[in-house]
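Using my numbering, the first residue of the sequence shown is number 489, and each one after it goes up by one.
In this text, a Cβ means the ideal position worked out from N, Cα and C, and glycines have one as well.
To start, the structure under review is shown below, and the notes come after it.
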Amino acid sequence: MISNSPYILVLDCDMYCNDPTSARQAMCFHLDPKISPSLGFVQFPQKFHNISKTDVYDSQLRYVFKVLWQGMDGLQGPVVSGTGFYIKREALYANPIKDVDVMELKQYFGPSNEFIKSFGRHYKPKDHQHSSSVILMKETQFLASCAYENETKWGEEASPGHISLAFTNCIWVGFLYLSVVEDYFTGLVNLHCKGWKSVYCDPVRPAFLGAGTTNLNDVLVQSTRWSSGLVEVALSRFCPLIYGPKKMSALQTLCYGELAFFPFYFLPLWCFATIPQLCLLNDIAVYPEVVTQEIH
Numbered sequence: 489m490i491s492n493s494p495y496i497l498v499l500d501c502d503m504y505c506n507d508p509t510s511a512r513q514a515m516c517f518h519l520d521p522k523i524s525p526s527l528g529f530v531q532f533p534q535k536f537h538n539i540s541k542t543d544v545y546d547s548q549l550r551y552v553f554k555v556l557w558q559g560m561d562g563l564q565g566p567v568v569s570g571t572g573f574y575i576k577r578e579a580l581y582a583n584p585i586k587d588v589d590v591m592e593l594k595q596y597f598g599p600s601n602e603f604i605k606s607f608g609r610h611y612k613p614k615d616h617q618h619s620s621s622v623i624l625m626k627e628t629q630f631l632a633s634c635a636y637e638n639e640t641k642w643g644e645e646a647s648p649g650h651i652s653l654a655f656t657n658c659i660w661v662g663f664l665y666l667s668v669v670e671d672y673f674t675g676l677v678n679l680h681c682k683g684w685k686s687v688y689c690d691p692v693r694p695a696f697l698g699a700g701t702t703n704l705n706d707v708l709v710q711s712t713r714w715s716s717g718l719v720e721v722a723l724s725r726f727c728p729l730i731y732g733p734k735k736m737s738a739l740q741t742l743c744y745g746e747l748a749f750f751p752f753y754f755l756p757l758w759c760f761a762t763i764p765q766l767c768l769l770n771d772i773a774v775y776p777e778v779v780t781q782e783i784h
């Protein structure tokens, strides 16, 4: 609405830009003629300004941003991390082809005429006139309202009977709502499984900073939300090990699968945390006794 830029910056409300050159860094990838046609988004790591020196709860998520995302960058790219990334508008919601019925577009994207107009590559908001600015502001507020997406295809899958030639390769619109971890789910179904790739950019100066979890209660609440969402995807028809093999490389599929089933690591961890103590209390050897024969 405010701009027809082909790229969109996604940030959480508790994060801010720490390096204004991050846009230029992202555009170095997005405008690279070798990778640009298939590049969906450029992901920056999440970094925080309120982390203690000890960071006993690993609020920095070093395992994710220093290990997993670095490795996935050599495949089809890292998973959408929910914040701190520049995404191509076409990857978020596919551009309709020309000469498409307006009513059909409204079924997908909602009743905003100005938003439908913004699909045009030469669209420019008429903000030089006061009356146009007022209309644009009202239209923007209308788009931001909670009820705008009702009875549209935002965040949902279009039923097979309603898929038309209006879209070249898209039956999903925007971020997907079918899971609590909408970022992971969107990256899986709406981006990587549709052929889009991503790039991981981790500059020395943090591009964005936010507020991380600093106490056990917040860590448990956050981890519970993430774990429940990942298990929700793992046990659905969109399980990466079932849904992904025909749409992604084998290694990329395994990476998504490892994340989806990561919460089930609690089983061996629970065993390691309880069995040795129980054996100690009951005077039971954890490991079989080793019998050594003396050499005479």
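Between the beta-carbon of GLY745 and the beta-carbon of SER667, is there less than 8 Å? As a first step, residue 745 is located in the sequence shown; it is residue number 257 there, counting from the start. As a first step, residue 667 is located in the sequence shown; it is residue number 179 there, counting from the start. The answer is no: Cβ separation not under 8 Å.
Which residues does DSSP pair with GLY698 in a beta bridge? Translated into positions along the sequence shown, residue 698 becomes position 210. According to DSSP, GLY698 bridges with PHE536.
Is DSSP giving SER493 helix, strand or coil here? In the sequence shown, residue 493 corresponds to position 5, counting from 1. SER493 falls in the coil class under three-state DSSP.
Buried or exposed (CB count within 10 angstroms, at least 16 for buried), PHE760: Residue 760 sits at position 272 when you count from the first residue of the sequence shown. By the 10 Å Cβ count, PHE760 comes out exposed.
Report yes if the C-beta distance between LEU529 and TYR581 is below 8 Å; otherwise report no. Here the question's residue 529 lines up with position 41 in the sequence shown. Here the question's residue 581 lines up with position 93 in the sequence shown. Note that residue 529 is Phe in the sequence shown, not Leu. TYR581 is positioned such that its CB atom lies no closer than 8 Å to that of PHE529.
Do LYS685 and SER526 count as a contact pair if the criterion is CB distance below 8 Å? Here residue 526 corresponds to residue number 38 of the sequence shown, with the count starting at 1. Here residue 685 corresponds to residue number 197 of the sequence shown, with the count starting at 1. Between SER526 and LYS685, the CB-CB gap stays under 8 Å.
Whole-angstrom distance between GLY683 and LEU697, CA atom to CA atom: Taking the first residue of the sequence shown as position 1, residue 697 is located at position 209. Taking the first residue of the sequence shown as position 1, residue 683 is located at position 195. Answer to the nearest angstrom: the Cα atoms are 30 Å apart.
If we call anything under 8 Å between Cβ atoms a contact, is TYR688 one with PRO776? Along the sequence shown, one-based indexing puts residue 688 at 200. Along the sequence shown, one-based indexing puts residue 776 at 288. Against a cut-off of 8 Å, the Cβ pair of PRO776 and TYR688 comes out as no contact.
Coil, strand or helix - TYR545 by DSSP: Working through the sequence shown from its first residue, we reach residue 545 at position 57. In this structure, TYR545 counts as coil in the three-state DSSP scheme.
Could you tell me the alpha carbon to alpha carbon distance between THR701 and ARG713, rounded to whole angstroms? Counting from one through the sequence shown, the residue named residue 701 turns up at place 213. Counting from one through the sequence shown, the residue named residue 713 turns up at place 225. So the two alpha carbons sit approximately 13 Å from each other.
Once DSSP output is grouped into helix, strand and coil, what is the label at GLY675? Here residue 675 is taken as the residue at index 187 of the sequence shown, counted from 1. Three-state DSSP puts GLY675 in a helix.
State yes or no: is the C-beta of LYS576 within less than 8 Å of the C-beta of PRO691? Within the sequence shown, the letter at position 88 stands for residue 576. Within the sequence shown, the letter at position 203 stands for residue 691. Contact: no.
Thinking just about the alpha-carbon of each residue, which of CYS516, GLN531 and ALA773 is nearest to the one in ASP671? Position 183 of the sequence shown, counted from the first residue, corresponds to residue 671. For ASP671, the nearest C-alpha among the options comes from GLN531.
Please name the residue, chosen from LYS535, ASP546 and SER524, that lies closest to VAL707 on a Cα-to-Cα basis. Within the sequence shown, numbered from 1, the residue matching residue 707 stands at position 219. Selected option, being the one with the closest Cα: ASP546.
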